[in-house]
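Colleague:
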Amino acid sequence: MSAAQPTVRSAFDLTATEYDRARRQLVPCFDGFYRAAVAALDFPREAPLDALDLGAGTGLMAGFVAAAFPVARITLIDLAPAMLAQAQARLAPVIDRIRVIEADYAQAPLGGPFDAIVSALSIHHLEDSDKRGLFGRIFGALKPGGIFVNADQVAGATPALEGRNKDEWLARARALGVIEDDLAGAIDRMRFDRPATVAAQLRWLAEAGFASVDCAFKDGMFAVFGGYKPV
Ligand SMILES: C[S@@+](CC[C@H](N)C(=O)[O-])C[C@H]1O[C@@H](n2cnc3c(N)ncnc32)[C@H](O)[C@@H]1O
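Following this note's numbering, the numbering of the sequence shown begins with 1 at its first residue and continues without gaps.
1) Can you list, in chain order, the residues of its chain whose CB lies under 6 Å from that of Ser2, leaving out five sequence neighbours each side?
2) Pairs of beta-carbons, one from the region 128 to 137 and one from the region 91 to 98, closer than 8 Å: are there three or more?
3) Where does the unbroken beta strand (DSSP E) through Lys143 begin, and where does it stop?
4) Looking only at C-alpha atoms, which of Gly63, Ala40, Pro28, Glu102 sits nearest to Ser212?
5) Just mark Pro230 as buried or exposed, buried being the case when its beta carbon has 16 or more other beta carbons within 10 Å.
6) Met61 and Ala16 - do their beta-carbons sit closer together than 8 Å?
7) Does the beta-carbon of Phe225 have 16 or more other beta-carbons within 10 angstroms, so that it is buried, or is it exposed?
8) Going straight from the alpha carbon of Ala171 to that of Ile179, what length do you get?
9) Please list, following the chain, all residues that have a C-beta closer than 5 Å to any non-hydrogen atom of ligand 1.
10) By Cβ distance below 6 Å, which residues in the same chain neighbour Cys29 in space, the five residues on each side in sequence not counted?
11) So the candidates are Phe139, Cys215, Ile123, Gly156; which of them puts its Cα closest to the Cα of Phe114?
12) By Cβ distance, which residues of its chain are closer than 7 Å to Leu202, with the 5 residues on each side in sequence left out?
13) What first and last residue would you give for the alpha helix (DSSP H) that runs through Tyr228?
14) Closest to Ala208 by CA distance: which of Arg174, Asp181, Arg137 is it?
15) Any contact between the region 66 to 74 and the region 41 to 49? By contact I mean 3 or more CB pairs, one from each, below 8 Å.
16) How would you write the range of the beta strand (DSSP E) that Glu102 sits in, first residue to last?
17) Pro81 to Leu54, Cα distance in whole Å?
18) From the DSSP secondary-structure annotation, give me the bridge partner or partners of Phe114.
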């Protein structure tokens with residue numbers, strides 16, 4: 001691929017300063033979605049967690065984790081430097097608990113071991129074989145008893161349901177007053193989407209060794225799912 005061709009990195013770098021403003025319209029179930037992801041982290045509030053956020057972007061998910069767990073240390077990985085610059089600004093009040101790494105998590109070592117690995121709206125950019133490989137590497141980067149929570153865009157279980165989810169998403173985003181430019185940008189970035197069904201991803205997690213694999217939330221094309229590394 002030539003440098004002039006758009007990539008996931010260039011697509012998100014271009015939108016970094018506007019990314020946050022349309023989140024509640026482009027993720028119509030925004031509150032329930034992120035709330036379910038954080039609620040799945042069933043640790044005591046004061047636990048000194050070591051957490052990793054894959055595809056952290058502007059730090060939305062990391063910010064929710066930092067607020068829910070006031071002494072957690074959080075490592076953010078993302079391949080788009082302009083998105084990470086926004087994350088550093090957002091997380092400035094808790095920056096002593098934050099580490100930021102610019103890298104492609106499909107290839108770079110994940111580090112660890114971590115108590116929790118989270119990801120929001122990112123892993124669906126990987127091809128299915130890379131998702132499966134990543135789930136295995138996430139398993140390897142967790143402490144025994146650690147949890148992986150993926151809040152992501154998923155494929156419909158059938159082509160008909162996929163179509164219905166997409167139509168419903170568009171209608172809800174418009175009903176919530178999305179700016180047409182933001183909607184067009186999101187639709188343009190969808191050319192990088194490679195979503196898989198929840199059922200397939202739960203199976204891949206179990207194959208990677210995860211236990212208590214489950215889907216905690218689903219609303220159209222948005223789902224929160226994950227599992228534990230056995231003790
Ligand atoms: C839709 S944004 C989500 C950002 C944030 N997690 C949120 O919930 O708003 C997706 C992010 O994943 C990042 N990303 C996609 N593929 C990646 C990869 N292989 N390695 C690192 N970051 C990646 C993009 O750069 C982008 O910042």
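We put the beta carbon where it would ideally sit given N, CA and C, even for glycine.
Quantities reported herein were computed from a predicted structural model and do not represent experimental measurements.
Modeller: Put simply:
1) Low confidence applies here, because Ser2 scores a pLDDT of 39, under 50, leaving its location unreliable; read the following figure in that light. Hits under 6 Å: none found.
2) no
3) Unbroken beta strand (DSSP E) run through Lys143: 142 to 153.
4) Ala40
5) exposed
6) No, the pair does not count as a contact, with Cβ atoms beyond the cut-off.
7) buried
8) 13 Å
9) Val8, Phe12, Gly55, Gly57, Leu60, Met61, Asp78, Leu79, Ala80, Met83, Asp104, Tyr105, Ala106, Ala120, Leu121, Ser122, His125
10) Asp219, Phe222
11) Phe139
12) Val213, Cys215, Phe225
13) Looking at the DSSP string, Tyr228 is not in any alpha helix (DSSP H); the run it does join, the beta strand (DSSP E), is 222 to 228.
14) Arg137
15) yes
16) 98 to 102
17) 14 Å
18) Leu142
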